[in-house]
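Chains A and B supply the protein sequences, listed in that same order.
According to our numbering, numbering within the first sequence proceeds without interruption in unit steps and concludes at 559.
According to our numbering, numbering within the second sequence proceeds without interruption in unit steps and concludes at 1231.
Accompanying notes for the structure given below.
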Amino acid sequence: MTAVPDVRQPPFRRAVIAVNGASSDARIVRLACQAARASKGQVIAVHVVEIDWSLPLEADVASRSEDAQRVLDVVEGIAESEHQAVETVLLQARDVGAALVDEASERAADLLILGLPYRKRFGGDFAIGRTIPYVFSNAPCAVWVVREPINETARG
Amino acid sequence: MIGGRRPLPGRKLADRRVRVERPHSPYFRYTGPGQMVAKQAASVPLTKAGRLIFRARSLVFGRPLASEEEIGERLAKKKALAIFSSDAISSSAYATEEILRVLIIAGAAGALAYSIGVSIAIALLLTVVSFSYRQVCRAYPNGGGAYIVARQNLAPIFGLIAAAALLIDYVMTVAVSTASAIQQIQSILPAAYDYRLEIAFVSISLITIGNLRGLRESGNIFAVPTYLFVGLALLIVIGGFIRIVTGSAHALPPQPDAVPLGTEQLSIFLLLKAFAGGSVALTGVEAIANGVPAFKKPEAKNAANTMITMAILLGVIFIGITIVAHAFAIVPSTDNSGGPTVVALVAGTIFGASPLFYLFQIATALILFLAANTSFNAFPRLAAILAADGYMPRQFSFRGDRLAYSWGIVLLAGIAFALLVLFNGDTHALIPLYSVGVFVCFTLSQSGMVKHWFLTRETGWWWRAIVNAFGGVLTFVVLIVVTSVKFQNGAYLVIILIPVLVAMMLFIQRQYSASQRQLAIRPDFVARPPHREERVVIPIPGLTRAVIQAVNVGRSISDDIRAVFVSEDPDAAIEMRARWERQVPGVPLVVVESPYRALVGPFLAYLDVLDRAWPPDKPEPITFVVVPEYVARHWWERILYNQSAKRLRTVLVGRPHTVVVNAPYRREEETRFDPPPVPEPTSET
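In structure tokens, the structure reads:
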């Protein structure tokens, strides 16, 4: 008889959630907050501003961008409504996936949560982008990907 | 906001990332482009003393609440009945006594029989008023206080009269209910009479703190005492009726401190006076009409039905207690004797010295305290509406840390307690002031409703108008009766106070309107950069770091800059000039010798001279007076400095074409001037 895994174990102690201002942010923040509340876990929201190669990595981009700050402020607001504290981290990087994996590793996170809008490539194939495959193959911790419902994305 | 950036290595060389600091994050949250919301941390004082006070306030009044945390609970009928009726139903605890106190003057026991007739007449009035207010509930689903109804339908002045009467009524509700609650306590604990003002102070303070903490009317705290009082009062009425029907009701011997029977002839005036006294039973009837939006949907229908339920309960309890009191020949205790109340005597007759008697007395005291609390919700809200309309100081519309209208709450508590002290905590002395305001509101509200139906012409408008017209006429007649028979007992105070309050509100509104007109800008006005010349004048008390800072501020405003040194000592002036020219080159110094030792006057005269010397063909320049100011580290040190600067600022505030600029120099800024100057040796040494 195979042993049944202990489902009562908390899903995580420290989770990094990747946010980017998309409509999926609210869903994954709520999900993380509810799970964190139950297990008294810690939630870290990370927003990565991608800097293209025409600018130095240290360029003053994200700190001057209200949009970038607002992404994390909105997350704070959602977490507050869920009565859960959330730490916010704003990063500049060349590649979002690598920055997320490195941040999760540095903070010894045991879960990385990402949102995924339902998008199709030209020709009709489902587009998953390049961040999620990178995270899947490199993240040292568990990874949750929450894909938005199809009709919701289409509306949005 | 420019945050710092910290580079971090990645697993691969190309995976480096930069963590960007978010300095705004502890204090603000961006909500839209160029728009941010302040967090609680932004309101926390920066000084140690300020933080200490903030902590103490949080401990007493609770942590500050954000506007979005306001409770918007809708009330079911049962809960709403308990919450909105505590004021009205609790008045049955003293209304019968007020009738008996008048009729007992007529002496003969037969006169007391009229108490039943008077109470039935009051109950009929209650029926008419309740039906009239049902119309208000339906017509004003957003809350139809007498102020709103009268202002919208009659004229603003009638709205103000209603508002003044309501404000007085709310104050009286607190005072009368508290005094009466204490009387109920002393009915079971006579020693409480000696401490009635202390008990009043404690109870009003507790209600005040509770309301400043944001106590809402939605809690079960209201339902329990109200239903307990109603249940036990109905039990008394039923028990009394059974004893009357079975013939076991008989006249009781009067208590030792009972009012002795009088010898006056029973007259129409006495009956009218008894009617006026008992009409306090109607106080608080309008509360449901004011609170329609708090009901669950359909709000108007639920409020209207609750109004009728409340009227039935109040009528039954009031008439029932009066009949039982008459059946057992109960007479009130003498004023200020600390004796039991009529309702306590009635309860004692039916329940005996059983726990039910004590429970009823406690429930009566509690419902009366809660009736006081209803004013703590209504008064600040009305004051806030009046403040928003410009009839009261704007502070009344500001909500405190706990979303309560703190100014209104504190003012109400202060006036109500002052009244209790003034009238020595005597319910019967306070009551003559009570009913006048209530009937002014009833009359204005009903008259406004008649006009409302004529204007809107909704379905069935004519019979609705007839109901309100009948209610308006009847309450007006009662108003005349109440005012005339209670005039000498204190009603005259209300008659004086209402116009005074109205005049005060009109005066405030006129002031606000005038300032608004003066400050208004035309919609087509577009602000352009200033075209007038600017000059800077710096009054200096000597050559200090604060002065250098002020000079630097002045230089950033205009190149036309000069320092003015007013001195009573010519030698000091010469020495000052020498130092100034050496240490502050490029800024002319004007020395004004003041042989009469005045500092401010010569400086102002110098500014006038500057103005007069300005070429008349050019527009007047803007004169920036940059005042150097040393900011001491501690609050107690600040008393020692800047007194001349304060005087100067005060006299300059109203000066035309002049802007006063404070240039504060803080101790923390001293590193900019390092190394510190070596003090010059004095000649005496």
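Here a beta-carbon is modelled for each residue, glycine too, at the ideal position from N, C-alpha and C.
Distance cutoff 8 angstroms, beta carbons only. Does residue i sit that close to anything in chain A?
i         : result
B/Arg-609 : no
B/His-570 : yes
B/Ala-560 : yes
B/Gly-556 : yes
B/Gly-549 : Here the model assigns B/Gly-549 a pLDDT of 47, short of 50, so the residue's position is not dependable, and the following value carries that caveat. Yes, because at least one Cβ of chain A sits closer than 8 angstroms to the Cβ of B/Gly-549.
B/Arg-575 : yes
B/Val-590 : no
B/Arg-563 : yes
Could you check whether the Cβ of residue i sits closer than 8 angstroms to any Cβ belonging to chain B?
i         : result
A/Glu-551 : no
A/Arg-440 : no
A/Gln-487 : no
A/Glu-453 : no
A/Leu-475 : yes
A/Gly-559 : Note that A/Gly-559 scores 45 on pLDDT, short of 50, meaning its location in the model is unreliable; the coordinates nonetheless yield the value given after this. No, because no Cβ of chain B sits closer than 8 angstroms to the Cβ of A/Gly-559.
A/Leu-460 : yes
A/Ala-465 : yes
A/Thr-534 : no
A/Gly-480 : yes
A/Asp-498 : yes
A/Gln-445 : no
A/Leu-515 : no
A/Asp-428 : no
DSSP three-state call for residue i: helix, strand or coil?
i          : result
B/Glu-643  : helix
B/Thr-724  : helix
A/Gln-445  : strand
B/Trp-1182 : coil
B/Pro-844  : coil
B/Pro-1045 : helix
A/Gln-487  : coil
A/Ala-542  : coil
B/Lys-1164 : coil
B/Val-831  : coil
B/Phe-874  : coil
A/Phe-529  : strand
B/Trp-953  : helix
B/Arg-1078 : coil
Going by DSSP, what residues sit across from residue i in a beta bridge?
i          : result
B/Glu-1139 : B/Ser-1113
B/Gly-578  : B/Gln-581
A/Ile-420  : A/Ala-448, A/Ile-516
B/Asn-1208 : B/Val-1173
B/Ser-879  : B/Ala-804
B/Pro-553  : B/Val-564
B/Pro-1085 : B/Val-1110
B/Val-1031 : BP columns for B/Val-1031 are empty, so no partner.
Answer with buried or exposed for residue i, where buried requires no fewer than 16 other C-beta atoms within 10 angstroms of its C-beta.
i          : result
A/Gly-403  : The first residue shown for chain A is 404 and the last is 559, placing residue 403 of chain A beyond what the model contains.
B/Glu-1004 : exposed
B/Trp-1182 : exposed
A/Val-477  : buried
B/Gly-522  : A question about residue 522 of chain B goes unanswered here, because the residues of chain B that appear run from 547 up to 1231.
B/Thr-809  : exposed
B/Asn-970  : exposed
B/Thr-1002 : exposed
B/Phe-906  : buried
B/Val-870  : buried
B/Pro-978  : buried
B/Thr-1231 : Residue confidence is low: B/Thr-1231 scores 31 on pLDDT, short of 50, so the model does not pin down where it sits. No coordinate-derived value is stated.
B/Lys-819  : buried
B/Ala-933  : buried
A/Gly-444  : buried
B/Asp-1117 : exposed
Between the beta-carbon of residue i and the beta-carbon of residue j, is there less than 8 angstroms?
i         : j         : result
B/Thr-868 : B/Ser-661 : yes
A/Ile-420 : A/Ala-465 : no
B/Leu-914 : B/Ser-638 : no
B/Thr-887 : B/Ser-733 : yes
B/Val-776 : B/Val-675 : no
B/Leu-513 : B/Ala-692 : Residue 513 of chain B falls outside the range modelled here, since chain B spans only 547 to 1231, and no answer is possible.
A/Ala-425 : A/Pro-520 : yes
B/Tyr-576 : A/Arg-473 : yes
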